[in-house]
Amino acid sequence: MSGTYNDIKQRLSGVRETRQMTNAMYLLSAARLKKAMHSMDYTLEYNDKLRRTMTDILAISEDRRLKSIYLERSPKGHALIMCVMGDKGLCGGYNNDVAQLTLQVLEKTESATVACFGRMAYDFLRGKGVKPKMVFPGSSMHPEFSMAAEISKTLVEKYLTDEYNEVFIIYTPFSRKGKLKPVCFRLLPLFGADFTDLNEAPPTDLIYEPDPESVFPHIVPVYCAALLYNLLVQSSASENSSRMEAMQNACDNADEMIDTLSAEMNAVRQLTITNEITEIAAAAQARKATEKNGN
């Protein structure tokens with residue numbers, strides 16, 4: 003046996019308390035995941051409408067070859083790389099996967115400014131000698147559209163002034179099935195290939211006033227804000243999904259330990275009872291022998 007009855011009982015009590023904590027974290031993550039998925043489904047539909055409108059404008063202006071700063075990479079400025087991680091751990095390999103991809107992207111980029119969503123991203127990059135210029139703690143756990151719109155406004159302004167010529171965001175797309183893997187997504191500039199995944203042809207009977215070329219620059223900032231919010235919501239859903247899986251595995255491991263310790267505790271208790279009975283029987287026999295010899 004690995005310990006006394008009291009030692010095993012104390013370990014068993016500790017494992018049960020740990021299981022209660024992991025189960026509570028599982029339920030909390032499940033509630034947050036449900037909320038994030040609701041927001042994600044809504045923003046996906048909204049983004050789809052925006053993208054179809056932009057695709058329609060590009061199709062109408064194809065002969066006139068629409069020129070926009072949003073459609074070409076400026077030779078001036080440098081890249082902005084934003085990485086989305088959590089504010090806490092205990093979510094499996096979610097944070098580590100994003101961290102490793104961020105390092106790979108930084109190695110391939112000559113000059114870049116780094117922005118962090120989540121405290122884990124900030125701590126990790128500082129540990130690697132990278133000083134993030136912008137940090138948004140709490141944004142990954144509770145993303146809000148107002149915050150995404152404000153950040154997007156700043157990014158667009160800096161892009162228009164050539165401070166940034168590219169804007170990338172490293173996040174983890176949410177998937178209802180399959181493994182969650184982070185990706186590096188280009189937010190700006192926009193290329194025609196970004197809209198090839200639309201299955202249906204865009205409508206061509208829409209009227210834009212004063213003209214499509216004038217409307218396009220006003221749609222792009224709205225599109226960037228909505229897209230950034232959607233990516234943050236997807237990251238939040240992915241984080242909570244990963245934490246649910248990690249906590250479920252922790253609960254399963256705790257259940258196995260509880261079964262093992264319970265069986266071991268029962269075995270120790272039975273052995274203790276057997277030893278006590280044996281000692282009592284031996285003492286009784288010794289007493290009888292003593293009384294017999296005395297007579």
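Numbered per the working numbering, the sequence shown spans residues 3 to 297. Don't be surprised by glycine CBs; every beta carbon is placed ideally from N, CA and C. Predicted model only: the values in this text are computed from it and were never measured.
Where the beta strand (DSSP E) containing residue i begins and where it ends
i: leucine 68; result: Run containing leucine 68: none; DSSP gives neither H nor E here.
i: tyrosine 210; result: Taken as a continuous stretch (DSSP letters only), tyrosine 210 belongs to no beta strand (DSSP E), as it is neither H nor E.
i: glutamate 168; result: 166-173
i: alanine 117; result: 114-119
i: methionine 136; result: 136-138
i: arginine 188; result: 185-190
i: alanine 322; result: As displayed, the chain neither begins before 3 nor continues past 297, which places residue 322 out of reach and without an answer.
i: cysteine 93; result: No beta strand (DSSP E) holds cysteine 93; DSSP gives it neither H nor E.
i: histidine 144; result: Counting along the chain, histidine 144 falls outside any beta strand (DSSP E), and DSSP gives it neither H nor E.
i: valine 132; result: Segment: none, valine 132 is in no beta strand (DSSP E) and carries neither H nor E.
i: leucine 182; result: Careful: leucine 182 lies outside any beta strand (DSSP E) and carries neither H nor E.
Residue span of the alpha helix (DSSP H) that contains residue i, given as start and end
i: glutamate 152; result: 147-162
i: leucine 108; result: 96-110
Cβ pair residue i, residue j closer than 7 Å
i: asparagine 49; j: leucine 229; result: yes
i: arginine 53; j: phenylalanine 176; result: no
i: phenylalanine 126; j: serine 142; result: no
i: threonine 174; j: serine 238; result: no
i: glycine 94; j: alanine 248; result: yes
i: arginine 75; j: asparagine 242; result: no
i: isoleucine 172; j: leucine 103; result: yes
i: serine 31; j: arginine 178; result: no
i: tyrosine 44; j: leucine 192; result: no
i: methionine 136; j: alanine 117; result: yes
i: isoleucine 59; j: phenylalanine 218; result: yes
Pairwise C-alpha distance: residue j and residue i
i: glutamate 112; j: proline 214; result: 36 Å
i: threonine 306; j: serine 41; result: There is no way to answer for residue 306, as the model of the chain reaches only from 3 to 297.
i: alanine 150; j: leucine 157; result: 10 Å
i: isoleucine 10; j: cysteine 226; result: 57 Å
i: aspartate 254; j: lysine 110; result: 41 Å
i: histidine 144; j: leucine 263; result: 39 Å
i: alanine 283; j: leucine 14; result: 32 Å
i: aspartate 99; j: arginine 271; result: 46 Å
i: methionine 27; j: leucine 208; result: 49 Å
i: glutamate 291; j: glutamine 12; result: The residue you asked about is not glutamate; residue 291 is alanine in the sequence shown. Using only the alpha carbons, I get a separation of about 42 Å.
i: proline 77; j: threonine 57; result: 25 Å
i: alanine 195; j: glutamine 236; result: 22 Å
i: valine 222; j: valine 86; result: 22 Å
i: asparagine 268; j: methionine 259; result: 14 Å
i: methionine 122; j: proline 212; result: 47 Å
i: lysine 160; j: serine 70; result: 16 Å
i: threonine 274; j: lysine 36; result: 50 Å
i: threonine 280; j: alanine 252; result: 41 Å
i: threonine 24; j: glycine 140; result: 21 Å
i: asparagine 277; j: tyrosine 124; result: 59 Å
i: methionine 3; j: glutamine 250; result: With a pLDDT of only 44 at methionine 3, under the threshold of 50, the placement of this residue in the model should not be trusted, and no figure is reported.
i: tyrosine 210; j: histidine 220; result: 12 Å
i: serine 216; j: arginine 128; result: 43 Å
i: glutamate 152; j: leucine 68; result: 27 Å
i: arginine 289; j: tyrosine 7; result: 30 Å
i: lysine 294; j: glutamine 287; result: 10 Å
i: valine 185; j: alanine 265; result: 46 Å
i: aspartate 257; j: leucine 29; result: 17 Å
i: methionine 39; j: isoleucine 62; result: 35 Å
i: valine 107; j: valine 132; result: 13 Å
i: aspartate 89; j: asparagine 97; result: 9 Å
(request) Flag this pair as touching only if the segment 13-30 and the segment 218-232 have three or more C-beta atom pairs under 8 Å; answer yes or no. (result) Not touching, per the Cβ criterion.
(request) Spell out a yes or no on whether the segment 160-171 and the segment 78-87 are touching, meaning 3 or more CB-CB pairs, one atom from each, closer than 8 Å. (result) The answer is yes - the segment 78-87 touches the segment 160-171, with three or more Cβ pairs under 8 Å.
(request) Identify every run of the alpha helix (DSSP H) within the segment 7-55, keeping only runs that are complete inside it and at least 4 residues long; order them along the chain. (result) As far as the segment 7-55 is concerned, it has no whole alpha helix (DSSP H) run of at least 4 residues.
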